[in-house]
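J.: Residue numbers (our numbering): 835 to 1013. Even glycine gets a Cβ: it sits at the ideal position worked out from N, Cα and C. Below: one structure in C-alpha coordinates.
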(Lines of atoms letter the chains of each structure in order from A and count residues from 1; the text may use other names and numbers.)
(Lines give C-alpha, C1' and ligand atoms only; values in the text may rest on other atoms or scores of the structure.)
Protein backbone atom coordinates (compact mmCIF):
# COMPACT_ATOMS: atom_id res chain seq x y z
CA UNK A 1 0.00 0.00 0.00
CA UNK A 2 1.25 3.49 -0.79
CA UNK A 3 1.61 6.32 1.68
CA UNK A 4 -0.41 9.37 0.75
CA UNK A 5 -2.61 12.15 2.04
CA UNK A 6 -5.54 9.93 3.02
CA UNK A 7 -3.21 7.18 4.18
CA UNK A 8 -0.98 9.31 6.37
CA UNK A 9 -0.67 8.45 10.04
CA UNK A 10 -2.71 11.47 11.07
CA UNK A 11 -5.55 10.67 8.62
CA UNK A 12 -5.67 7.02 9.66
CA UNK A 13 -5.76 7.96 13.36
CA UNK A 14 -8.61 10.36 12.64
CA UNK A 15 -10.59 7.75 10.70
CA UNK A 16 -9.97 5.04 13.29
CA UNK A 17 -10.92 7.46 16.07
CA UNK A 18 -14.20 8.22 14.32
CA UNK A 19 -15.05 4.52 14.25
CA UNK A 20 -14.02 4.18 17.90
CA UNK A 21 -16.79 6.58 18.95
CA UNK A 22 -19.26 3.78 18.30
CA UNK A 23 -19.34 1.16 21.07
CA UNK A 24 -19.32 -1.60 18.44
CA UNK A 25 -17.06 0.26 16.00
CA UNK A 26 -14.43 -1.70 14.10
CA UNK A 27 -11.82 -0.73 11.53
CA UNK A 28 -10.70 -3.11 8.80
CA UNK A 29 -7.57 -2.13 6.91
CA UNK A 30 -6.83 -3.91 3.66
CA UNK A 31 -3.23 -3.80 2.45
CA UNK A 32 -0.44 -6.06 1.25
CA UNK A 33 1.82 -4.97 4.09
CA UNK A 34 1.65 -2.73 7.13
CA UNK A 35 3.06 0.68 6.25
CA UNK A 36 4.75 2.93 8.81
CA UNK A 37 1.62 5.13 8.86
CA UNK A 38 -0.59 2.13 9.54
CA UNK A 39 1.74 0.96 12.31
CA UNK A 40 1.72 4.46 13.83
CA UNK A 41 -2.10 4.59 13.71
CA UNK A 42 -2.46 1.11 15.21
CA UNK A 43 0.03 1.89 18.00
CA UNK A 44 -1.67 5.20 18.81
CA UNK A 45 -5.10 3.54 18.83
CA UNK A 46 -3.86 0.79 21.15
CA UNK A 47 -2.32 3.41 23.46
CA UNK A 48 -5.55 5.42 23.59
CA UNK A 49 -7.67 2.31 24.08
CA UNK A 50 -5.50 1.14 26.99
CA UNK A 51 -5.79 4.59 28.58
CA UNK A 52 -9.59 4.59 28.13
CA UNK A 53 -9.98 1.06 29.52
CA UNK A 54 -7.88 2.00 32.57
CA UNK A 55 -10.04 5.08 33.13
CA UNK A 56 -13.25 3.06 32.75
CA UNK A 57 -12.06 0.42 35.23
CA UNK A 58 -10.89 3.02 37.75
CA UNK A 59 -14.19 4.90 37.60
CA UNK A 60 -16.60 1.99 37.12
CA UNK A 61 -17.69 3.17 33.66
CA UNK A 62 -19.45 0.68 31.40
CA UNK A 63 -19.70 2.25 27.92
CA UNK A 64 -23.23 1.97 26.54
CA UNK A 65 -24.71 3.32 23.32
CA UNK A 66 -27.35 6.03 23.53
CA UNK A 67 -30.73 4.35 23.52
CA UNK A 68 -33.16 7.18 22.95
CA UNK A 69 -36.47 5.91 21.68
CA UNK A 70 -38.15 7.40 18.63
CA UNK A 71 -41.10 8.18 20.88
CA UNK A 72 -38.85 10.40 23.06
CA UNK A 73 -37.43 12.21 20.03
CA UNK A 74 -40.91 12.87 18.68
CA UNK A 75 -42.01 14.17 22.08
CA UNK A 76 -39.16 16.71 22.02
CA UNK A 77 -40.13 17.85 18.54
CA UNK A 78 -43.84 18.16 19.35
CA UNK A 79 -42.97 20.08 22.53
CA UNK A 80 -40.91 22.49 20.44
CA UNK A 81 -43.84 22.94 18.04
CA UNK A 82 -46.16 23.72 20.97
CA UNK A 83 -43.61 26.21 22.29
CA UNK A 84 -43.58 27.84 18.86
CA UNK A 85 -47.35 28.26 18.99
CA UNK A 86 -47.01 29.81 22.45
CA UNK A 87 -44.18 32.10 21.31
CA UNK A 88 -46.15 33.27 18.28
CA UNK A 89 -49.40 33.77 20.20
CA UNK A 90 -50.18 37.42 20.70
CA UNK A 91 -47.32 38.69 18.51
CA UNK A 92 -49.45 39.37 15.43
CA UNK A 93 -51.39 42.52 14.65
CA UNK A 94 -54.18 42.90 17.18
CA UNK A 95 -52.86 39.91 19.14
CA UNK A 96 -53.66 37.42 16.35
CA UNK A 97 -51.65 34.25 16.06
CA UNK A 98 -49.53 34.29 12.92
CA UNK A 99 -48.95 31.04 11.06
CA UNK A 100 -49.28 28.68 14.01
CA UNK A 101 -52.99 27.92 13.93
CA UNK A 102 -54.53 24.81 12.48
CA UNK A 103 -51.43 22.67 12.77
CA UNK A 104 -52.09 18.97 13.20
CA UNK A 105 -49.69 17.68 15.84
CA UNK A 106 -51.27 14.38 16.75
CA UNK A 107 -49.12 11.36 16.04
CA UNK A 108 -49.78 9.42 12.90
CA UNK A 109 -51.03 12.40 10.89
CA UNK A 110 -48.50 14.05 8.66
CA UNK A 111 -48.36 17.81 8.96
CA UNK A 112 -48.73 19.75 5.76
CA UNK A 113 -45.35 21.31 5.16
CA UNK A 114 -45.75 22.28 1.52
CA UNK A 115 -42.21 21.26 0.61
CA UNK A 116 -40.56 17.98 -0.22
CA UNK A 117 -38.03 16.43 2.13
CA UNK A 118 -35.28 17.42 -0.33
CA UNK A 119 -36.14 21.09 0.11
CA UNK A 120 -36.36 21.05 3.88
CA UNK A 121 -33.58 22.82 5.73
CA UNK A 122 -32.66 24.90 2.68
CA UNK A 123 -34.54 28.02 3.70
CA UNK A 124 -32.38 31.10 4.05
CA UNK A 125 -32.87 31.88 7.73
CA UNK A 126 -30.81 35.05 7.95
CA UNK A 127 -33.08 37.05 10.21
CA UNK A 128 -31.11 40.30 10.44
CA UNK A 129 -33.27 43.21 9.39
CA UNK A 130 -36.29 40.95 9.07
CA UNK A 131 -39.63 42.41 10.08
CA UNK A 132 -41.36 40.87 13.09
CA UNK A 133 -44.19 39.40 10.97
CA UNK A 134 -41.70 37.91 8.49
CA UNK A 135 -39.73 36.38 11.35
CA UNK A 136 -42.90 34.89 12.81
CA UNK A 137 -43.89 33.45 9.43
CA UNK A 138 -40.40 31.96 9.02
CA UNK A 139 -40.63 30.36 12.47
CA UNK A 140 -44.02 28.93 11.59
CA UNK A 141 -42.78 27.58 8.25
CA UNK A 142 -39.70 26.01 9.83
CA UNK A 143 -41.89 24.43 12.51
CA UNK A 144 -43.98 22.79 9.80
CA UNK A 145 -40.79 21.54 8.14
CA UNK A 146 -39.50 20.20 11.46
CA UNK A 147 -42.72 18.27 12.04
CA UNK A 148 -42.67 16.95 8.48
CA UNK A 149 -39.07 15.80 8.84
CA UNK A 150 -39.89 14.03 12.10
CA UNK A 151 -42.90 12.37 10.49
CA UNK A 152 -40.58 11.05 7.75
CA UNK A 153 -38.17 9.82 10.47
CA UNK A 154 -35.47 12.29 9.39
CA UNK A 155 -34.56 13.15 12.96
CA UNK A 156 -31.17 14.74 12.28
CA UNK A 157 -32.76 17.22 9.90
CA UNK A 158 -35.62 17.82 12.34
CA UNK A 159 -33.09 18.50 15.11
CA UNK A 160 -31.16 21.00 12.96
CA UNK A 161 -34.40 22.80 12.10
CA UNK A 162 -35.43 22.73 15.79
CA UNK A 163 -32.14 24.40 16.77
CA UNK A 164 -32.66 27.11 14.14
CA UNK A 165 -36.22 27.67 15.39
CA UNK A 166 -34.95 28.12 18.95
CA UNK A 167 -32.50 30.78 17.77
CA UNK A 168 -35.19 32.60 15.77
CA UNK A 169 -37.60 32.50 18.73
CA UNK A 170 -34.89 33.98 20.93
CA UNK A 171 -34.54 36.83 18.43
CA UNK A 172 -38.34 37.26 18.35
CA UNK A 173 -38.44 37.52 22.14
CA UNK A 174 -35.63 40.09 22.06
CA UNK A 175 -37.63 42.11 19.52
CA UNK A 176 -40.67 41.97 21.79
CA UNK A 177 -38.63 43.11 24.81
CA UNK A 178 -37.07 45.98 22.84
CA UNK A 179 -40.48 47.23 21.66
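Report the option in 1007, 974, 1004, 979 whose CA atom is closest to the CA atom of residue 994.
T.: For residue 994, the nearest C-alpha among the options comes from 979.
J.: Pick helix, strand or coil for residue 1013, following the three-state DSSP scheme.
T.: Here residue 1013 sits in coil by DSSP.
J.: Confirm the yes/no value for this check: CB of residue 986, any heavy atom of the ligand COA, distance under 7 Å.
T.: Looking for the ligand COA in the displayed structure turns up nothing, as the structure carries no ligands at all.
J.: Using only alpha-carbon positions, find the residue among 983, 841, 884, 923 that is nearest to residue 869.
T.: For residue 869, the nearest C-alpha among the options comes from 841.
J.: In whole angstroms, what separates the C-alpha of residue 1003 from that of residue 874?
T.: One C-alpha to the other measures close to 49 Å.
J.: Examine the Cβ distances between the segment 909–926 and the segment 964–979 and report whether three or more of them are shorter than 8 Å.
T.: Counting Cβ pairs under 8 Å, three or more are found: they touch.
J.: At what residues does the alpha helix (DSSP H) containing residue 857 begin and finish?
T.: Segment: none, residue 857 is in no alpha helix (DSSP H) and carries neither H nor E.
J.: Can you tell which of 862, 887, 857 has the C-alpha that lies nearest to the C-alpha of residue 876?
T.: Comparing Cα positions, the closest option is 862.
J.: For residue 888, which residues from the same chain have a beta carbon less than 8 Å from its beta carbon, with the 5 sequence-adjacent residues on both sides left out?
T.: There are no such residues.
J.: Verify whether the separation of the beta carbon atoms of residue 969 and residue 1011 is less than 8 Å.
T.: No, the pair does not count as a contact, with Cβ atoms beyond the cut-off.
J.: Quick check on residue 880: buried or exposed, where buried means 16 or more other Cβ atoms within 10 Å of its Cβ?
T.: The residue is exposed, with fewer than 16 neighbouring Cβ atoms inside 10 Å.
J.: Can you tell me the Cα-Cα spacing of residue 971 and residue 1013, whole angstroms?
T.: For residue 971 and residue 1013, the distance between alpha carbons rounds to 19 Å.
J.: If I'm right that residue 857 touches residue 899 with Cβ under 8 Å, what's the distance once you round it to whole angstroms?
T.: So it is a contact: roughly 5 Å between Cβ atoms.
J.: Excluding the five sequence neighbours on either side, which residues of its own chain have a C-beta within less than 7 Å of the C-beta of residue 850, listed in chain order?
T.: Cβ within range, chain order: 861, 875, 879.
J.: Since residue 966 is in the alpha helix (DSSP H), which residue starts that stretch and which ends it?
T.: Residues 966–985.
J.: If contacts are defined as beta-carbon pairs under 8 Å, then residue 984 and residue 908 qualify, I think. What distance do you get, rounded to the angstrom?
T.: Residue 984 to residue 908, Cβ: 6 Å. Contact.
J.: Looking only at its own chain, which residues have a Cβ that is under 8 Å from the Cβ of residue 883, when we skip the five neighbours before and after it?
T.: 854.
J.: Buried or exposed: residue 865, going by 16 or more other Cβ atoms within 10 Å of its Cβ?
T.: Classification of residue 865: exposed, given that the 10 Å Cβ count is below 16.
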